[in-house]
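Residue numbers (the working numbering): 2 to 184.
Quick look at the structure:
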């Protein structure tokens, strides 16, 4: 309970910042675009678009990481299945590192619900693994399909931006890399 009391002011401050109104009037136009858009800073409009994307992507990767961790905790003793689970878990470790780096680079506020994603991911992974290999693999396939669809939609949004710069291109590349691994 003491931990909750100490964390409450920080959580309250973060929740208040969530309720701020976003101003989308700074959308870049053809007149404001420069010949070399690759090196320009992100506009506020672009930041308002990519910040939630990065936060959601990192949260999803946290959940996926812990799903595999839960599956390995239950099925890791199977010598035929363990290498596959470890390979998939290693991919999720890489994805999580990638989006955690983007959180820091773009100064994105991480999800306040990360502890929930960790517990829920582990519970889903361990729970489906307790039902057997087939259930664990069905869970994995369903999660990867949803993640793939999510990244595909996100790529459409990123490509719709008129004048991407190197930061947006990097986020697109990261999304493509993760999406490619889910197919």
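We treat Cβ as the ideally placed atom computed from N, Cα and C, and that holds for glycine. Every value quoted in this text rests on a predicted model; they were computed, and no experiment measured them.
Practice item. Whole angstroms is fine: what's the gap from residue 133's alpha carbon to residue 115's? Key: 27 Å
Check your understanding: So what does DSSP say about residue 42, is it helix, strand or coil?
Key -> coil
**Study point:** Beta-carbon proximity check, residue 68 vs residue 149, cutoff 8 Å
**Key:** no
Practice item. Could you check the C-alpha separation between residue 157 and residue 61 for me, to the nearest Å? Key: 18 Å
Review point. With contact counted as at least three CB pairs below 8 Å, one residue from each stretch, are the region 39-54 and the region 103-117 in contact?
Key: yes
Review point. Should residue 73 and residue 87 be called a contact, given that it needs their Cβ atoms to be closer than 8 Å?
Key: yes
Review point. From residue 63 to residue 78, what distance separates their C-alpha atoms?
Key: 23 Å
Practice item. Could you please give the first and the last residue of the uninterrupted alpha helix (DSSP H) stretch that includes residue 94? Key: 83-106
Review point. Taking the alpha helix (DSSP H) that residue 150 falls in, what are its first and last residues?
Key: 134-161
Review point. Where do the N-terminal and C-terminal ends of the alpha helix (DSSP H) with residue 115 fall, by residue?
Key: 115-131
Review point. Distance, Cα to Cα, residue 129 vs residue 44?
Key: 43 Å
**Study point:** Rounded C-alpha distance that separates residue 186 from residue 153
**Key:** With the chain represented from 2 up to 184, any question about residue 186 goes unanswered, as that position is not in the structure.
**Study point:** Nonlocal neighbours in the same chain, by C-beta distance under 8 Å from residue 121, ignoring five residues either side
**Key:** 64, 67
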